[in-house]
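*Asks:*
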């Protein structure tokens with residue numbers, strides 16, 4: 057946090073110095089053309105330039121320092137002691153030739169492994185899961201993965217080269233790494249929003265590697281989701297007389313969107329629906345604490361920037377590649393138990409699509425667990441109940 061504050065101060069100072077240098081240089085050239093320039097004015101400009109270079113070098117050093125000193129806090133009990141067999145690691149690993157970051161946290165290194173798949177594509181929830189689901193660390197080694205194009209793994213692959221297959225390949229490589237490292241034949245899998253679809257892709261292709269899967273904020277049909285979200289936002293805006301939002305939605309037209317404006321156009325209704333859920337009195341809390349998460353110790357200064365870049369750039373490139381997918385027809389039969397944790401008031405991932413998928417899905421065990429006080433993120437809105445239900449579902453499949 058101190059590094060971030062100092063970086064921001066130096067950035068402001070460097071901007072002021074740059075403005076002064078540019079303005080002073082223009083004024084000096086103006087005087088020089090008229091033969092009125094003085095040596096002391098040039099000397100002042102040179103000092104400003106040197107000062108600016110020094111500040112920029114210091115800022116570059118702070119960025120580098122923040123990256124190498126990023127960490128995930130140790131596990132501590134109620135007395136502030138670190139359990140003997142606990143694990144708290146922030147680690148870079150190579151998956152299919154791509155360098156990516158994971159966090160591993162748990163009270164007992166011998167506990168079952170639970171891999172959490174973040175939403176997005178392009179999202180990082182490494183810090184959010186630590187803050188919101190710390191109780192799971194008492195029962196599992198909880199692994200969070202910054203997928204290619206997100207957070208700490210933003211540079212794992214060129215954005216334009218990332219496809220859904222990239223995530224499937226790297227997700228399986230990560231699974232193999234975890235199985236080998238912890239000496240387990242299978243691991244547990246959980247996915248949120250986009251991660252809920254990725255989880256289905258993984259358990260479908262590699263069922264022998266997973267005990268069971270939980271999907272929350274479950275995505276099913278990407279095109280239909282966008283159309284329903286757009287229609288819901290328009291409905292709410294009309295009911296509330298929000299003419300500005302109505303104009304923006306109508307100007308963009310109904311999704312799906314393609315090209316370079318997918319993120320910008322989708323954000324119009326997605327942000328509106330998120331705000332609607334945040335203000336819904338039937339939902340227990342407003343959801344993501346983005347400022348807390350982005351300022352967490354797992355992210356260096358460059359990671360903090362890429363926290364946002366992934367949401368914009370990676371989402372824009374990858375999301376439009378998902379429009380052809382419908383889990384109801386593409387993945388109607390799975391060989392592992394599957395449970396959907398759904399917020400009753402989710403207007404982001406339409407719950408009727410998840411209900412339809414649950415009806416047609418064939419699996420060794422399946423079910424919907426409803427969270428009556430939740431929106432798109434039951435793991436945040438009703439965290440205590442979420443943990444209890446995770447333990448209940450996974451206990452059936454040990």
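In this note's numbering, the protein residues as written are 57 to 454.
Think of the CB as a built atom: it goes at the ideal place given N, C-alpha and C, for glycine as much as any other residue.
List the DSSP bridge partners of residue 382.
*Replies:* The partner list for residue 382 (beta bridge, DSSP) reads 277.
*Asks:* Tell me whether the beta-carbon of residue 227 lies closer than 8 angstroms to the beta-carbon of residue 254.
*Replies:* In contact: residue 227 and residue 254 (Cβ atoms closer than 8 angstroms).
*Asks:* Indicate whether residue 355 and residue 144 have their beta-carbon atoms separated by less than 8 angstroms.
*Replies:* No, these two residues do not count as a Cβ contact at 8 angstroms.
*Asks:* Express the C-alpha separation of residue 391 and residue 420 in angstroms, rounding to a whole number.
*Replies:* Rounded to whole angstroms, residue 420 to residue 391 spans 6 angstroms at the Cα level.
*Asks:* Quick one: grab the DSSP three-state call for residue 140.
*Replies:* Residue 140 falls in the coil class under three-state DSSP.
*Asks:* Kindly provide the ranges of any alpha helix (DSSP H) runs that are 4 or more residues long and lie completely inside the segment 348 to 382, ordered along the chain.
*Replies:* Correct list: 357 to 365 and 371 to 375.
*Asks:* Report yes if the CB atom of residue 409 is closer than 8 angstroms to the CB atom of residue 281, and no otherwise.
*Replies:* Yes; because the gap between Cβ atoms is below 8 angstroms, this pair is in contact.
*Asks:* Of the choices 138, 58 and 101, whose alpha-carbon is the least far from that of residue 122?
*Replies:* Answer by Cα proximity: 58.
*Asks:* Under 7 angstroms Cβ to Cβ from residue 304, same chain only, skipping five residues before and after it: list those, please.
*Replies:* Closer than 7 angstroms at Cβ, skipping near neighbours: 324.
*Asks:* What whole-angstrom Cβ distance do residue 404 and residue 285 have, given they're in contact under 8 angstroms?
*Replies:* Sure, about 7 angstroms apart at Cβ, within 8 angstroms.
*Asks:* Going by alpha carbons, who is nearest to residue 451 out of 358, 400, 196 and 322?
*Replies:* Nearest of 358, 400, 196 and 322 to residue 451, Cα basis: 196.
*Asks:* Can you tell me where the alpha helix (DSSP H) with residue 257 in it begins and where it stops?
*Replies:* Start and end: 250 to 261.
*Asks:* Between which two residues does the beta strand (DSSP E) harbouring residue 159 extend?
*Replies:* It spans 154 to 162 - the beta strand (DSSP E) in which residue 159 sits, taken as one unbroken run.
*Asks:* Going by the CB atoms, is the gap between residue 115 and residue 141 shorter than 8 angstroms?
*Replies:* No, they are not a contact pair.
*Asks:* Give the single residue among 72, 215 and 432 whose Cα lies nearest to the Cα of residue 369.
*Replies:* Nearest C-alpha to residue 369: 215.
*Asks:* Residue 283 by DSSP, collapsed to three states: which one?
*Replies:* In the structure shown, residue 283 sits in a helix (DSSP, three-state: H, G or I).
*Asks:* In whole angstroms, what separates the C-alpha of residue 309 from that of residue 329?
*Replies:* The straight-line gap from Cα to Cα measures roughly 17 angstroms.
*Asks:* State yes or no: is the C-beta of residue 367 within less than 8 angstroms of the C-beta of residue 178?
*Replies:* Yes. Within cutoff.
*Asks:* Let me check understanding here. Comparing Cα to Cα, which of 150, 353 and 169 lies closest to residue 213?
*Replies:* The option with the nearest alpha carbon to residue 213 is 150.
*Asks:* Cα separation between residue 411 and residue 112?
*Replies:* Cα-Cα distance, rounded: 54 angstroms.
*Asks:* So for residue 148, helix, strand or coil by DSSP?
*Replies:* Three-state result, residue 148: strand.
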